[in-house]
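Chemist: Read in order, the letters of the sequence shown are residues 1 to 256 in my numbering.
What follows is a single structure, and I will ask about it in a moment.
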Amino acid sequence: MERGRVTMDRNADAPWSKFDPEVYVDNNYRTPLEVDLLIVRLLRDYFSSCFTGAVPHAARGVDVGAGANLYPALSMLPWCEKILLLEYAQPNVEYLEKQISSGGLDTAWDAFWDVLREAPAYRGTDPGSRVGEVVRVERANLFDLDGQRRWDIGTMFFVADSMSECPEEFRRGVRCFMNALNEGAPFAVAFMKESVGYRVGGHRYPAYRVNEDRARESLEPFSSELEIHDLHHVVRPGHEGILLALGRRNAEIAVP
Ligand SMILES: C[S@@+](CC[C@H](N)C(=O)[O-])C[C@H]1O[C@@H](n2cnc3c(N)ncnc32)[C@H](O)[C@@H]1O
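Dropping the structure here:
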């Protein structure tokens, strides 16, 4: 928070309708960063270990707050008959719809697929056409996920931590995501560590300062096999690294 400010920026206060996906991709993904390639390797290996022996293409996956990032969806591709990208900001919804349209997948995502296809499950898949067959986009608010719809695998990257300054909204965001997963569902959640907010083009977006303890506290009630990777990569001023949590949804109790 800035000095002297007494109020916190809540999720509903941020200029989501002005979010510019092209600027966001240019800032974050167009030139692949070492840390994202590392995250993709960890996702690939974790999901591959979870689905050993499982029927391919049978799961239903979700990426919550997908924004302008396709690598979480790509990482779920071999196991899913359907993947839903839920996103709140209309410009991001339009970006994602373009990505999944025929021939629409930006070459920016090639570098991430190159890492994924080093593992057997991903080989032999053409991501462009498979994304078109499997992935759908829906405009939705994370806070409206009420546990009625459930998925077998899920990802949420830089969302619960990067949508509000408010601790209660961070915990609620994590809870809504975790309550949308079936028992045993593998998940991956990423947070910017100790982020003080971020800019996309001319607009500022809020963040909640997550550290490893806060990440663990928020996820543990819903998780089995929880592992948190503290990645000491700083990609811009205003944060202290990246936390990647991998695990499975524990017994199917919706935690209020
Ligand atoms: C920092 S971006 C992360 C985007 C992407 N997941 C990534 O890995 O780069 C935060 C995302 O959260 C989305 N978001 C903000 N509030 C939301 C809400 N209430 N429900 C769903 N998504 C929301 C934003 O539109 C934006 O796409």
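Glycine included, C-beta positions come from ideal geometry on N, C-alpha and C.
Return the chain-ordered ranges of every beta strand (DSSP E) run that is complete within the stretch 148-182 and spans a minimum of 3 residues.
Modeler: 153-157
Chemist: Considering residue 134, what are the terminal residues of the beta strand (DSSP E) in which it resides?
Modeler: Looking at the DSSP string, residue 134 is not in any beta strand (DSSP E); the run it does join, the alpha helix (DSSP H), is 127-134.
Chemist: State the Cα-Cα distance for the pair residue 55 and residue 121, rounded to the nearest angstrom.
Modeler: Note on geometry: alpha-carbon atoms of residue 55 and residue 121 lie some 11 Å from one another.
Chemist: On the premise that residue 42 lies in contact with residue 243, defined as a C-beta separation below 8 Å, what is that separation, rounded to the nearest angstrom?
Modeler: Incorrect: roughly 12 Å between the Cβ atoms, too far for contact.
Chemist: Based on the DSSP output, what are the partners of residue 9 in its beta bridges?
Modeler: Answer is none; residue 9 lacks a bridge partner.
Chemist: Over the uninterrupted beta strand (DSSP E) stretch that includes residue 140, give me the two end residues.
Modeler: Neither: residue 140 is in no beta strand (DSSP E) and is coded neither H nor E.
Chemist: Taking buried to mean at least 16 other C-beta atoms within 10 Å of its own C-beta, is residue 247 buried or exposed?
Modeler: buried
Chemist: Which residues bound the beta strand (DSSP E) around residue 87?
Modeler: 80-87
Chemist: According to DSSP, simplified to helix, strand and coil, what is residue 16?
Modeler: helix
Chemist: Between the stretch 137-153 and the stretch 105-116, are three or more C-beta pairs nearer than 8 Å?
Modeler: No, because fewer than three Cβ pairs between the stretch 137-153 and the stretch 105-116 fall closer than 8 Å, the two stretches do not touch.
Chemist: My output table needs one value for residue 240: the three-state DSSP class, helix, strand or coil.
Modeler: In the three-state scheme derived from DSSP, where H, G and I count as helix and E and B as strand, residue 240 is classed as coil.
Chemist: Closest by CA to residue 36, which one among 250, 249 and 234?
Modeler: It is 234.
Chemist: Put residue 105 into one of helix, strand or coil per three-state DSSP.
Modeler: coil
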